[in-house]
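Participant:
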Amino acid sequence: MGSPFFHEFKRQASFFFKEKIKTARLALTDVTPAELLTEEATNGDFWAPDTRTMGVISRAAFEVDDYWRIVDILHNRLTKFDRKTWRVSYKTLLLLEHLLTRGPLRVADEFQSDKEVIKEMESFQFVDEKGFNWGSSVRNLSARILKLLENELFLKEERARARKLTRGIQGFGSFSHSHRSPSHDGSFKDLAFRTCTRCNSNYSEQINQEYEFLASDDNFLIEEKIHKPENIYEDVSPELESSLNKIREEECAVEDHPFCHSDHHTSESLLSSLE
1 MGSPFFHEFK RQASFFFKEK IKTARLALTD VTPAELLTEE ATNGDFWAPD
51 TRTMGVISRA AFEVDDYWRI VDILHNRLTK FDRKTWRVSY KTLLLLEHLL
101 TRGPLRVADE FQSDKEVIKE MESFQFVDEK GFNWGSSVRN LSARILKLLE
151 NELFLKEERA RARKLTRGIQ GFGSFSHSHR SPSHDGSFKD LAFRTCTRCN
201 SNYSEQINQE YEFLASDDNF LIEEKIHKPE NIYEDVSPEL ESSLNKIREE
251 ECAVEDHPFC HSDHHTSESL LSSLE
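In terms of UniProt numbering, the sequence shown is residues 1 to 275.
#1: I need the straight-line Cα distance from residue 158 to residue 118, nearest angstrom please.
#2: Could you give the DSSP three-state label for residue 127: helix, strand or coil?
#3: Our contact map puts residue 77 next to residue 92 with C-beta atoms below 8 Å; I'd like the distance itself, whole angstroms only.
#4: Determine the DSSP secondary structure at residue 140, reduced to helix, strand or coil.
#5: Count the other C-beta atoms from every protein chain shown that fall within 10 angstroms of the C-beta of residue 68, then say buried if there are 16 or more, exposed otherwise.
#6: Any chance you could list the alpha helix (DSSP H) runs of at least 4 consecutive residues sitting entirely within the segment 50-117, in chain order?
#7: Which value, in whole angstroms, describes the spacing of the CA atoms of residue 96 and residue 128?
#8: Just to confirm before moving on: does the CB-CB distance between residue 98 and residue 131 stay below 9 Å?
#9: Straight-line CA distance for residue 81 to residue 114?
#10: Tell me, to the nearest whole angstrom, how far the beta carbon of residue 139 is from that of residue 120; I am working on the premise that it is less than 8 Å.
#11: Whose C-alpha, out of 88, 33, 30 and 112, is nearest the C-alpha of residue 149?
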């Protein structure tokens with residue numbers, strides 16, 4: 001019962017039922033795709049949210065309805081820090097860091113009320129059986145979040161750095177597009193996505209290198225190196241895929257991100273976006 005095949009079967013079965021539940025929620029409730037992504041990005045699973053997913057969520061946060069859905073989920077995740085389920089809080093902070101540096105400006109004010117819980121996480125201690133010090137990662141991330149919330153100048157600098165990276169990618173995309181024929185559109189989109197994944201803070205880039213160690217203390221098969229599935233949506237139902245396509249189609253169209261004030265925008269968001 002402990003064979004790799006059995007664990008893979010359990011993973012696939014769990015994924016299948018979760019997708020069915022998501023499809024039902026989309027069809028029968030007023031839940032939005034961005035809301036589902038936020039819940040999944042901050043759950044207690046082993047895999048931390050990737051840059052692509054966080055980029056979709058931060059983009060959705062500039063819409064009023066999705067903004068409140070997203071921050072409500074994060075507030076609920078940060079209500080109490082449970083050391084037994086530390087992954088939930090850790091993944092929530094990863095997403096919050098991305099929103100603070102790439103989302104609406106009001107995110108910083110929104111999470112002032114959660115500082116006490118975040119400060120509690122600064123004392124977290126945990127080293128897994130492979131010797132990886134997750135306590136240190138949680139403490140460092142907590143300290144960074146608090147600095148972003150308390151130091152307005154630091155927040156401004158980090159947002160400027162993120163904006164510079166995003167605009168750099170935009171310029172690279174425009175240059176590459178002008179030197180490629182229509183027949184290369186597919187490969188260019190792949191290149192654009194690989195570039196987009198670099199658009200993160202220095203801290204998040206460090207975290208990306210740590211993701212493969214997330215499986216630790218539970219009854220989970222630990223391989224010498226654990227790889228995250230490249231596409232977590234490859235087996236989703238047609239109904240859910242259709243709903244998610246609306247936000248996935250443009251997730252790497254950097255020129256339309258609120259960081260980039262281009263002619264593509266016809267109206268201002270109801271939320272403040274940049275300084």
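Glycine included, C-beta positions come from ideal geometry on N, C-alpha and C.
In this text, all values refer to a predicted model and were calculated from it rather than measured experimentally.
Facilitator: Quick look at the numbers:
#1: Within the sequence shown, numbered from 1, the residue matching residue 158 stands at position 158. Within the sequence shown, numbered from 1, the residue matching residue 118 stands at position 118. Computed Cα separation, rounded: 19 Å.
#2: Mapped onto the sequence shown, residue 127 falls at position 127. Residue 127: strand per DSSP, three-state reduction.
#3: Numbered from its first residue, the sequence shown carries residue 77 at position 77. Numbered from its first residue, the sequence shown carries residue 92 at position 92. Going by Cβ atoms, the distance from residue 77 to residue 92 rounds to 4 Å, so yes, they are a contact pair.
#4: Reading the sequence shown from its first residue, position 140 is the one you call residue 140. Helix at residue 140.
#5: For the purposes of this step, residue 68 is taken as the residue at position 68 of the sequence shown. So residue 68 ends up on the exposed side.
#6: 51-60, 64-77, 86-102 and 106-110
#7: Along the sequence shown, one-based indexing puts residue 96 at 96. Along the sequence shown, one-based indexing puts residue 128 at 128. Approximately 24 Å between the Cα atoms of the pair.
#8: To locate residue 98, count along the sequence shown from 1; it is residue 98. To locate residue 131, count along the sequence shown from 1; it is residue 131. The answer is no: Cβ separation not under 9 Å.
#9: On the sequence shown, residue 81 is found 81 positions in, with the first residue counted as 1. On the sequence shown, residue 114 is found 114 positions in, with the first residue counted as 1. So the two alpha carbons sit approximately 11 Å from each other.
#10: Here residue 139 corresponds to residue number 139 of the sequence shown, with the count starting at 1. Here residue 120 corresponds to residue number 120 of the sequence shown, with the count starting at 1. Going by Cβ atoms, the distance from residue 139 to residue 120 rounds to 11 Å, so no, they are not a contact pair.
#11: Your numbering for residue 149 matches position 149 in the sequence shown. Closest by alpha carbon: 112.
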